[in-house]
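Here is the structure we will look at.
Number of protein chains: 2
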Amino acid sequence: MSQHDAQARLAVSTVIFAISPEPDDDGAVRPSLRIPLVRRLREPGLGRWALPGGWLPVHESLEAAAGRTLNETTGLSPRYLEQLYTFGEPDRSPGERVVSVVYWALVHSDEVQRAVSDDNVRWFDEDDLPELAFDHAAIVVYALTRLRTKLEYSRIAHALLPETFTMAELRGVHEAVLRRRLDPANFRRTMEATGTLVDTGRRLAGTRHRPPALYRFDPAHSPAAPPSPAPAAPHHAASALEGPRPGTDSKDTPE
Amino acid sequence: MSQHDAQARLAVSTVIFAISPEPDDDGAVRPSLRIPLVRRLREPGLGRWALPGGWLPVHESLEAAAGRTLNETTGLSPRYLEQLYTFGEPDRSPGERVVSVVYWALVHSDEVQRAVSDDNVRWFDEDDLPELAFDHAAIVVYALTRLRTKLEYSRIAHALLPETFTMAELRGVHEAVLRRRLDPANFRRTMEATGTLVDTGRRLAGTRHRPPALYRFDPAHSPAAPPSPAPAAPHHAASALEGPRPGTDSKDTPE
DNA sequence: CCAAAAGTGTTGGTGGTACACCCATGC
DNA sequence: GCATGGGTGTACCACCAACACTTTTGG
Numbered sequence: 001m002s003q004h005d006a007q008a009r010l011a012v013s014t015v016i017f018a019i020s021p022e023p024d025d026d027g028a029v030r031p032s033l034r035i036p037l038v039r040r041l042r043e044p045g046l047g048r049w050a051l052p053g054g055w056l057p058v059h060e061s062l063e064a065a066a067g068r069t070l071n072e073t074t075g076l077s078p079r080y081l082e083q084l085y086t087f088g089e090p091d092r093s094p095g096e097r098v099v100s101v102v103y104w105a106l107v108h109s110d111e112v113q114r115a116v117s118d119d120n121v122r123w124f125d126e127d128d129l130p131e132l133a134f135d136h137a138a139i140v141v142y143a144l145t146r147l148r149t150k151l152e153y154s155r156i157a158h159a160l161l162p163e164t165f166t167m168a169e170l171r172g173v174h175e176a177v178l179r180r181r182l183d184p185a186n187f188r189r190t191m192e193a194t195g196t197l198v199d200t201g202r203r204l205a206g207t208r209h210r211p212p213a214l215y216r217f218d219p220a221h222s223p224a225a226p227p228s229p230a231p232a233a234p235h236h237a238a239s240a241l242e243g244p245r246p247g248t249d250s251k252d253t254p255e
Numbered sequence: 001m002s003q004h005d006a007q008a009r010l011a012v013s014t015v016i017f018a019i020s021p022e023p024d025d026d027g028a029v030r031p032s033l034r035i036p037l038v039r040r041l042r043e044p045g046l047g048r049w050a051l052p053g054g055w056l057p058v059h060e061s062l063e064a065a066a067g068r069t070l071n072e073t074t075g076l077s078p079r080y081l082e083q084l085y086t087f088g089e090p091d092r093s094p095g096e097r098v099v100s101v102v103y104w105a106l107v108h109s110d111e112v113q114r115a116v117s118d119d120n121v122r123w124f125d126e127d128d129l130p131e132l133a134f135d136h137a138a139i140v141v142y143a144l145t146r147l148r149t150k151l152e153y154s155r156i157a158h159a160l161l162p163e164t165f166t167m168a169e170l171r172g173v174h175e176a177v178l179r180r181r182l183d184p185a186n187f188r189r190t191m192e193a194t195g196t197l198v199d200t201g202r203r204l205a206g207t208r209h210r211p212p213a214l215y216r217f218d219p220a221h222s223p224a225a226p227p228s229p230a231p232a233a234p235h236h237a238a239s240a241l242e243g244p245r246p247g248t249d250s251k252d253t254p255e
């Protein structure tokens with residue numbers, strides 16, 4: 001019983017979200033929600049697209065492992081990272097029992113520019129995903145509903161935006177995630193009422209209309225962990241990454 | 001590398017909630033929220049109280065394992081069972097890396113009567129817990145906030161009550177969980193507005209005041225899985241249990 | 001001046017809280 | 001009849017969606 005003994009194997013995967021400006025059908029630039037996927041280089045599921053992840057190292061915390069694999073596959077570091085759910089149906093991975101602790105993450109839109117993207121890592125539009133390996137399609141669907149639900153009662157949209165942003169950009173993020181238009185007037189008031197928005201005093205020039213104010217989020221409100229007592233506490237998994245090292249395929253790849 | 005090789009071990013634990021009538025300080029019978037704990041019979045944490053649970057068998061689903069260990073320790077079967085969170089800090093269990101997928105469950109109050117309770121299994125009042133092994137105290141705190149949060153936007157209180165119940169009993173459950181008094185008039189309207197309550201037509205006699213109506217929950221509303229798409233779907237882990245079998249201590253016990 | 005988006009004001013509906021009040025039963 | 005909770009009616013307040021309206025820029 002070397003490594004296929006009577007034990008489930010533990011993997012950690014992450015659903016990563018970012019906002020990308022994408023040309024709309026009528027040419028207007030509407031932001032869209034995007035997700036990076038990696039191509040599987042081994043069986044099972046060879047060639048299929050899957051969520052970035054890897055086996056859990058014995059001495060690494062779950063959250064650190066999620067942040068690290070995220071960084072290894074995309075080159076990015078998450079602004080927001082939270083556990084989503086643990087998937088462990090006995091038959092979800094052919095051949096071997098695999099239990100996956102899945103996280104979801106948000107990254108800044110301006111970082112996506114310099115994100116890795118090659119034959120084996122690609123960003124997909126949220127409503128135009130390819131066929132996924134294992135049960136990853138269901139996982140993404142679940143992560144999407146969690147993101148949408150949480151966006152409405154929490155203020156996490158800032159994790160998808162650069163340091164400063166206009167009210168319209170913030171609204172664009174909400175509209176892209178919720179997939180519906182929001183009233184600009186009411187949206188502004190709701191956001192201002194949270195007290196987490198700080199007017200930088202500067203304005204964005206160069207538009208062909210009245211220049212909008214630039215805001216940033218009050219850091220006093222966001223790093224303070226939400227009322228979830230025990231876990232959560234989205235630290236950034238500050239695990240450094242030295243070069244493009246082999247990644248997860250030291251021996252075999254999990255789902 | 002027999003079984004202490006470089007892999008984390010996977011355990012499944014469950015925080016079980018039930019309502020018990022408990023004599024109040026002034027003699028009045030107010031329901032209270034109770035949690036069963038098991039005494040650890042091995043190191044680490046020998047003698048301490050801990051959440052019921054066990055190692056994950058290779059061919060059993062996470063939810064089935066949670067339901068089974070729940071049944072083995074308490075003799076009860078859950079009316080509600082949902083995944084809570086996965087705890088996996090590297091140092092949470094001395095000596096060995098253990099990752100615990102934790103569920104939370106609700107059981108009917110009338111079943112608690114015939115629940116197991118001996119030297120090694122005991123029910124504790126939610127606000128009078130003993131010192132717990134490992135990080136189980138934090139886990140219970142987290143489960144409590146989840147229960148409280150979910151009670152307010154979902155209708156899960158029925159899982160803590162018998163088939164039929166009065167409006168006051170239902171309110172008593174909410175008050176016990178939320179730890180505050182609720183306005184009877186407003187509570188009634190709120191509950192009636194959900195449309196999930198069915199008046200059985202019968203009334204509870206024997207009180208020394210106007211006999212209250214007996215309700216039951218509309219089964220058309222509760223088994224229908226909530227809008228959580230992927231996981232959830234609280235099936236009852238229908239794994240039979242043949243007698244008081246050795247349980248999890250075939251080789252060693254997890255946390 | 002005009003287009004276009006920023007930003008403000010006002011109104012009506014909805015849901016929740018507080019609280020006054022009547023109803024039906026046991027004793 | 002009277003104490004006790006069961007059950008109803010109603011006024012008020014906070015929040016939110018809808019939408020009319022004013023402001024400020026670029027061209």
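From first to last, the protein sequence lines are chains D and X. So for the first sequence, the UniProt record's numbering puts the first residue at 1; every next one is plus one. So for the second sequence, the UniProt record's numbering puts the first residue at 1; every next one is plus one. Here a beta-carbon is modelled for each residue, glycine too, at the ideal position from N, C-alpha and C.
For the 8 Å CB-CB criterion, D:H108 and D:L37 do not form a contact. Within chain D, no residue has its beta carbon less than 9 Å from that of X:L37; the closest one is some 17 Å off. Secondary structure of D:G75 (DSSP, three-state): coil. The alpha-carbon separation between D:L214 and D:R202 amounts to approximately 6 Å. A residue is called buried once 16 or more other Cβ atoms fall within 10 Å of its Cβ, and X:L46, having fewer, is exposed.
Assignment of D:F187 by DSSP, reduced to helix, strand and coil, places it in the helix class.
Between X:A8 and D:L51, the C-beta spacing is not below 8 Å. By alpha-carbon distance to X:N71, the top candidate from X:V101, X:W49, X:I16 is X:I16.
Your pair X:P211 and X:M167 does not check out as a contact, with CB atoms roughly 12 Å apart and the cut at 8 Å. Distance between X:V198 and D:R97, taken at the CA atoms: about 44 Å.
The C-beta separation of X:G75 from X:V12 comes to about 18 Å, leaving the pair out of contact by the 8 Å criterion. For X:G67, not one C-beta of chain D is nearer than 8 Å to its own C-beta. Apart from sequence neighbours up to five positions away, the residues of its chain that approach D:N120 with a beta-carbon distance below 8 Å are V38, R39, L41, ordered along the chain. In this structure X:Q83 touches X:V101 by the C-beta definition: roughly 7 Å separates them, less than 8 Å. By the 16-neighbour rule on beta-carbons within 10 angstroms, D:S154 is exposed.
In the DSSP assignment, D:V102 falls within the unbroken beta strand (DSSP E) covering 98 to 106.
Looking at the DSSP output, D:Y85 bridges to D:V102. Between the alpha carbons of D:G67 and D:R79 lies a distance of about 10 Å. Judged by DSSP in its simplified three-state form, D:R122 adopts strand.
Annotated as distal: X:R30 and X:A133, with beta-carbon spacing of 8 Å or more. Approximately 6 Å separates the beta-carbon atoms of D:R171 and D:L182; this is inside 8 Å, confirming the contact.
D:L129 and D:A105 have their C-alpha atoms roughly 18 Å apart. At a cut-off of 8 Å between beta carbons, X:E255 makes no contact with chain D.
Around the beta carbon of D:H136, a 10 Å sphere encloses 16 or more other beta carbons of the protein chains shown; the residue is thus reported as buried.
Contact of D:R148 with chain X is not assigned, every C-beta pair being separated by 8 Å or more.
In this structure, DSSP gives X:T145 a helical state, which the three-state scheme calls helix. Per the DSSP secondary-structure output, X:F134 pairs with nothing in a beta bridge. Taken in chain order, the stretch 37 to 64 of chain X contains no complete alpha helix (DSSP H) segment of 4 residues or longer.
Close partners of X:E89 in chain D (Cβ separation under 7 Å): S61. Spatial neighbours of X:V116 in its own chain (CB-CB distance under 6 Å, excluding positions within 5 residues in sequence) are listed in chain order as T74, G75. The C-alpha of X:D125 is placed about 27 Å away from the C-alpha of X:M191. By the neighbour-count definition (other C-beta atoms within 10 Å, threshold 16), D:R34 is a buried residue.
D:V112 places its beta carbon 8 Å or farther from that of D:S32. Per the coordinates, the alpha-carbon of D:R114 lies some 12 Å from the alpha-carbon of D:S77. Not a single C-beta of chain X is nearer than 8 Å to the C-beta of D:T14. Annotation: X:A8 is outside any beta strand (DSSP E) and is labelled neither H nor E by DSSP.
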